[in-house]
Structures are given as C-alpha cells and as structure tokens.
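Here's the structure we're looking at; comments come further down.
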Amino acid sequence: MPFYNTSIHPQPQEEPQLKALWKTVFGDSDTVIDAFFATLYDPQTTLVARNGGAVVSALYLLDCGLSVLKKTYASFYLYAAATLPGFRGRGLMAELLSAAKEFALRRKKEFICLYPAEDSLYDFYQKHGYEPVFKTKEISLKGTSVRTLIDPFCEVRPLELDDFAAVRDAALSGADALFFDKPVLAFQKTILEAYGGQAFSAHENSKVVAYLLAEKDAGDSPRIKEALSVNGRIDAIAAILHQKFNLEEYTLPFPSGFQLSSDHMRLHSGGMALALSEEAKIIKERINSLYMGLNLG
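According to the working numbering, the sequence shown is numbered sequentially starting from 8.
Spelled out as structure tokens, the structure:
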C-alpha cells in the first residue's frame, strides 16, 4: 500500500511537480502558473500529499481578511486544491483539508474561505464543515437602461493596480466581505488578461471612482466578473459599460446590499467558509450574506 504524507510542506525541488500538478488538473497557461509561483506561492502555507516521494495532491492557503459586522478577521483563502486524476477517490483531499484546518488554527486564523471550482464540489466541502455563506446579487439590465444611468463626465481608462485596490477597499468599506491584499489583486488581474479579459476604471476630476473586470466568455462576449464603485456610483459603472462594451443586455454581479434593483435579479451562492475559532462560529450565525466577488478564477 503506498505511503501518503500530508503533514509536510513542499521542498524547493518539488516546485516543478507542483506546477505540473496544477497544469494537469486546471490546464492553466504557463503565464498564469508562473505568475502565481513568482508572486503568491509560499511553501510554508502550501500543503501537499505525496505518494512514494512524488507530490500527487496540493492546496494553497493565501492570507485574506474577512470583514463581518465591521470587524476584520484574519483568515485564509484556500486556493487551487488539486489531486492528480489517478489518485482521486482515496481520501487525499479530505486529509489535506483536515491538515489545513489544523494549520490555520495554529496560525491563529478565524476562517478559511474558498470558492468551489464546480457546483458539484459544494457538497464535498460541506462534508468538511464549509458553509455557503457568500452571496452575490446578479442584476440584469438592458443596454437602454444602462445608457440612462451614464455619468457623461467620467473618463474611462485601463485599470491600474493601485486604482483596483483603492476602489475595492472603498466600495466594500463597512460591508460584510472578503478582502484581499494587493499581490492577490495583481494576480487576479494577470489571470483576467491572460485569458483575453479586460479591466477598466472610471475617473471623475482625475479621481478614480469605479472599476469593472470583464472575462472573455463563450462566443467572445464579455462576462462581468466584478463591478464596484465608490459610494455606489452606478453611473460610473454605466459609463464603463457604455464606452467599452455597449451591449444590448448586461448581467452585473454586486454585493447583496448594493442599492440597485431590477425586474430581473437573483441571489446565488458565491463561495464557502469554515469558521475556526469560537468567536468565528458565533459570528457566523449572525451573517445574512457575505460578498466574495473575486475568486481568482
């Protein structure tokens, strides 16, 4: 019977194995994989399972902050959990999730958050204590409606990292939401652009007031990944939509409390969290919905 070890962090010489595992499971481009390992990879917050000395399963834990009721809890974002196809169904990921929980507790983290890569994985993660506490409000708007909302004085530019971070922090200030630091946002931008997506910002009087991330979807039509603005400035978001896309209809994802309504809107699950500390378990019961938005996908 093969020996599996899930308690040891990867060694420097195992980095190529980790990249090969990522490539095999997710099929990402070398640009994306190399960007992650150059900027976010930390062997001390990476957990692996080995078979005969070879890495066959891994997950990555990224620092993040979960703001609930105006208090921010130090947390981990569990990312790129993967097992080689030939080693699935043997309980390796279950062992890694258990190891991640114990590791996070030792690091004094309050929550572990994640975004399942497929809807079918929600059941898997629920078996390990994760709950679907993140919600996104999706609003469908006709292009004619968007044009009535436009701020004509907004200048639309390609999104810069500093503007991305500044608007996101301001837009979600006081909200129940997941916050990432600037290197994680930079990686999200890299993923977006590597796969033909676009990122724009809106400026008024030389001050950035909104941004929008759009993924390249099937048929080359854009899919809005995130659209946030300072003080709920839908007019600034509308300016980006009109100037850069000008579609007949849009589906916009917002935090559940965003003050915009439509005849066509719905709430859907947008991620999961595992409460670790006793305070986290108590506060979790008071959460109506959290906003994740970005999932590094």
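Backbone N, C-alpha and C define an ideal beta-carbon position, used for all residues, glycine too.
CA-to-CA, the gap between residue 176 and residue 232 works out to about 17 Å. Secondary structure of residue 57 (DSSP, three-state): strand. DSSP, read as helix, strand or coil, puts residue 134 in coil.
In this structure the region 109 to 126 lies against the region 73 to 86, because at least three pairs of beta carbons, one per stretch, are closer than 8 Å. Runs of the alpha helix (DSSP H) lying entirely within the region 15 to 84, each at least 4 residues long, are 22 to 33 and 37 to 46 in chain order. Boundaries of the beta strand (DSSP E) harbouring residue 233: 229 to 236, taken from the DSSP string.
With three or more CB-CB distances shorter than 8 Å, the region 202 to 222 counts as touching the region 151 to 167.
If one requires a minimum length of 4 residues, no alpha helix (DSSP H) run lies completely within the region 251 to 282. Taking the Cα positions, residue 170 is about 14 Å away from residue 244. Residue 144 counts as buried, since at least 16 other C-beta atoms from the protein chains shown sit within 10 angstroms of its C-beta.
The region 60 to 67 makes contact with the region 79 to 99: 3 or more CB pairs, one atom from each, lie closer than 8 Å. The region 97 to 112 makes contact with the region 45 to 65: 3 or more CB pairs, one atom from each, lie closer than 8 Å. Within the same chain, and ignoring the five residues on either side of residue 272 in sequence, the residues whose Cβ sits closer than 8 Å to its Cβ are 144, 145, 146 and 147. Residue 216 and residue 71 have their alpha carbons spaced roughly 24 Å apart.
The straight-line gap separating the alpha-carbon atoms of residue 274 and residue 234 is approximately 16 Å. Bounds of the alpha helix (DSSP H) holding residue 154 are 150 to 156.
In this structure, DSSP gives residue 175 a helical state, which the three-state scheme calls helix. Restricted to the region 96 to 136, the alpha helix (DSSP H) segments that are unbroken, complete and at least 4 residues in length are 99 to 113 and 128 to 133, listed in chain order. Taking all protein chains shown into account, residue 224 has fewer than 16 neighbouring C-beta atoms within 10 Å of its C-beta and is therefore exposed. Taking the Cα of residue 43 as reference, the smallest distance to any Cα among 198, 80, 162 and 184 is reached at 198. The continuous alpha helix (DSSP H) containing residue 191 extends over residues 189 to 201. Assignment of residue 243 by DSSP, reduced to helix, strand and coil, places it in the helix class.
Taken through DSSP and simplified to helix, strand or coil, residue 162 comes out as strand.
In the DSSP assignment, residue 217 forms a beta bridge with 209 and 236. Closest in C-alpha terms to residue 61, from the list 80, 25, 255 and 180, comes 25. A residue is called buried once 16 or more other Cβ atoms fall within 10 Å of its Cβ, and residue 255, having fewer, is exposed.
By the neighbour-count criterion, in which a residue is buried when 16 or more other Cβ atoms sit within 10 angstroms of its Cβ, residue 160 is exposed. In the DSSP assignment, residue 287 falls outside any beta strand (DSSP E) and within the unbroken alpha helix (DSSP H) covering 285 to 291. Relative to the Cα of residue 221, the nearest Cα in the group 132, 298, 259 and 130 belongs to 259.
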